[in-house]
Amino acid sequence: MRFSPTRFLLTSLLFLSPCTQGAESLEKKVLFSGEFPQMIAFRGEMIGPIHRSYETWSKDIEGHSAVIRKFWNEEIDIKPQSVDWAQRYMKEHPDVSFIWHLNAEARVAHDKPQVLKRYFPGHWALHRGVFIKKPVPAETTEFTVSDIKVFSERGFYDRKTDTSTPQDLVIVARKRDGSLDWTKCEYASIVSVDKKGGQITVKRGNYASKALDYGDAGIYIAPIVGSVWGNNRLWFYNHSTTCPKDDNGKVASDHFVEEILAKVDPEKGDLKGFSGIAFDVMYWVARMKNMDVNNDGIADGEGIVDGKHVWRDGMIDWLTSLREKVGPEFVLVSDSSGIKHQRAVGVLNGMESEGFPFHHDAFRSFSTPLNHFSYWKKFGEKKYPFNFSAVKYKEKADLPKATQYSRFAIGASVCADIFATRYMVEDKKRFTPIDELTAGVRNEPKWLGKALGPMIRVEDSAPDLFDGAAFTKEFLSKVEVKDGSYTVDDKGVLRLNGNGKKSTDPIVLTIKDIPRPSGDIVVSCDVKSESSLVPEVKNFDVPRYLTAKVDGLPDYPNPIRNNSFFNNLGGTFGPLGFINQRFYFRDLGAGKGDTITLHLTFENQGGVEFKSLQLLAASQAMAREFENGVILVNPSFDTYTFDLTKLFPNYTGGYRFIKGAQSPNNGEPITDATNVRVQSMDSLFLEKM
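If you count the sequence shown from 1, you need to add 18 to reach the numbering used here.
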């Protein structure tokens, strides 16, 4: 089923889906009041002390505009009282939004009778398996297999405990024509693997299934795709369009959507009255190694069968189906910070960035989430946009300054019209209060009020090192295009056209021999795709990704992953119109050599249009004015000085630090508004006097 605005409108207005009937309008929620900074509680369902009583639980989220939390046992064991407490809290605070955090990829199934009853073995994603082309009686537990590498006694590995559980398996009957007979199937699990002898020993008839007799055509036996989370082993749904159907003609995604609708049903659902769902780990690719999405014994890469991306298509189908059923007064949001994540712009209300910039990166790839969010903001949901950063850090090198980095993330997010959650320490046992969310001792959420204008980017007034000459004949003499070619029309628009061997080959635009800048630079481009990433999906845009890389960067401090986060910066572009994307590179003067090389890589072979390309000699510092204060953000390695009189000329009053527990929040007035200094990788929130 493809998304259609007309069909969606009829579904919503004429038939009134179960979730739309009686639903509280999102318009009444404080989350969409336009005031900042919003307090959003993210996760915390496993923190024992706050679950001692309703009083301690409710106090933990007091003053918050939204709560994003798990309320289902699909991944971890949830405190049973939390659902009732959420219902009670919503009655006491009807303007607060509760958003269900839900794993879209996998769930605990093996010890959940209700799950095993609903989903049959064919509904789970499988790794590449093997065929055994001979009769298999029910009592057979030892098999000689053609590829022993497929099987392992360490199928589910728990990194936290360094323990593992043997693989769970699916056995299904094989027909004489080689196809599979899903009316005869069972669960099994590995007991032992003899790699030298090429033999496996299994336990048959597991998880409420029965060991069956299989005829002369034999069987197909394959490991279930899974992972360990929260000390539980999870099985992955087969979300592809090639997922086998059960006796009722349903695929896994059909059941998943039905379960969701039952949970949020406004009359009978446990989560009635909830404002939406935040999907976790929603990938548009089959991301685990050797996944075989159509169960033919051949690994399908990212979920591509006979040239069709059946995994992505399946994800699009169930997401658009769910949107039609829940109606417009319901938030749907999911991760979209990587090239493998979902891109359902126009179906979802927005995207999540897990961390800002990323949970393994506190500052290095600063411009990447800003680019992705800017696309969703410009071309996505307009009435109830919900884009947010889940503020958390996992990299050991970043943890000593995690409180500062969280203030940095919150400041940048609010400047860009993005919600940001409170900071959660990695051990998940406590949350760290951030003064800036509540004006410190004033304890006033949304204290800044509404924005008085858009975000101010200091690089907008910086010199262009290309001197406005991009796309001139002299400039283009330094340009190379891999797997593509370029033309420039009489209006100065540069067009890239793919000529690679594969439709999935990227187009790479390389600009060589750029004189080395002395400091920070921002690569700014206005870019548009000539087609959707998935043209066959009608009535909503599937954008493409682009990355920017510079050859000749210096060796940066605090390196992680070989400095990769400082480079290979990401962006999003699509066919709905030009979008400005910016890529921030720091301290170029510290590098070696007299020149640098810039590479811009565009996903697949679709056409690309450039309206502008600039190399701005500046930091990507930013500022924004609100009714009751201002935010200043410094992403550079050095202290940055802001002149508030130039940034906010219409305000003639004074400024002061908020008074709180964290430096520099001392409550003192700013004595010189022309010289306000913000330290490296930090944000400063100031009150108006």
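Glycine included, C-beta positions come from ideal geometry on N, C-alpha and C.
A quick note: this is a predicted structure, and the numbers were derived from the prediction, not measured.
Delimiting residues of the alpha helix (DSSP H) encompassing N652: If you look at N652, you'll find it isn't in any alpha helix (DSSP H); it sits in the beta strand (DSSP E) that goes 647-652.
Best match in H390, I614, K268, N313 for proximity to R136 [C-alpha to C-alpha]: Of the listed residues, the one whose Cα sits closest to R136 is K268.
Spatial distance of F406 from P155 (CA atoms): When only Cα atoms are considered, F406 and P155 end up about 54 angstroms apart.
Inter-residue spacing [alpha-carbon to alpha-carbon] between E372 and H111: Their backbone Cα atoms lie some 27 angstroms apart in a straight line.
Counted within 10 angstroms of its Cβ, other Cβ atoms place N693 as buried (16 or more) or exposed: Burial state of N693 is exposed, judged by a 10 Å Cβ sphere holding fewer than 16 other Cβ atoms.
Reduced DSSP category for G40 - H, G, I as helix; E, B as strand; rest coil: Here G40 scores only 36 on pLDDT, less than 50, and its place in the model should not be relied on; the value that follows carries that caveat. The answer is coil: DSSP assigns G40 none of H, G, I, E or B.
N121: first and last residue of the uninterrupted alpha helix (DSSP H) it sits in: Here N121 belongs to no alpha helix (DSSP H); instead the beta strand (DSSP E) covers 115-121.
Validate contact between the region 550-561 and the region 585-592 using beta carbons, cut 8 angstroms, 3 pairs: These segments touch.
C-alpha gap between A636 and T615, whole angstroms: In a straight line, the C-alpha of A636 is about 18 angstroms away from that of T615.
Contact under 8 angstroms by Cβ, F174 with V246: Their beta carbons are under 8 angstroms apart, which means F174 touches V246 by this criterion.
Element boundaries [beta strand (DSSP E), containing Q599]: First-last of the beta strand (DSSP E) with Q599: 597-603.
Simplified DSSP assignment, three categories, for R70: Residue state, collapsed to three classes: coil.
N- and C-terminal bounds of the beta strand (DSSP E) containing A296: 294-298 is the span of the beta strand (DSSP E), which, as asked, contains A296.
Cut-off 7 angstroms between Cβ atoms - residues of its own chain near F116, not counting five sequence neighbours on either side: Correct list, in chain order: V85, A104, M108, F292, S293.
Bridge partners - V497, DSSP secondary structure assignment: Under DSSP, V497 shares a beta bridge with I529.
For L252 and G244, the rounded distance between their alpha carbons: Approximately 5 angstroms, taken between the alpha carbons.
Backbone secondary structure at R251 - three-state DSSP: Annotated three-state conformation of R251 is strand, per DSSP.
Beta-carbon proximity of T456 to G81, cut-off 8 angstroms: Taking C-beta atoms as the reference points, T456 and G81 count as a pair closer than 8 angstroms.
Closest Cα partner of T689 within the set G672, A438, V328: Nearest to T689 by C-alpha distance, out of G672, A438, V328, is G672.
8 angstroms Cβ cutoff met for R146 and G315: Result yes, Cβ atoms of R146 and G315 sit closer than 8 angstroms.
Classification of S71 by the beta-carbon crowding that lies within 10 angstroms, buried from 16 upward: Exposed, since its Cβ has fewer than 16 Cβ neighbours within 10 Å.
Bridge-paired residues (DSSP) for G244: Per DSSP, W253.
Contact under 8 angstroms by Cβ, L634 with V648: Not a contact, by the Cβ cut-off of 8 angstroms.
Residue closest to G332, alpha-carbon to alpha-carbon, out of L350, V349, A362: Nearest C-alpha to G332: A362.
Residue range of the unbroken alpha helix (DSSP H) whose run includes S392: First-last of the alpha helix (DSSP H) with S392: 385-397.
Beta carbon of F426 nearer than 8 angstroms to that of F376: No, they are not a contact pair.
For I278, the first and last residue of its enclosing beta strand (DSSP E): Here I278 belongs to no beta strand (DSSP E); instead the alpha helix (DSSP H) covers 270-281.
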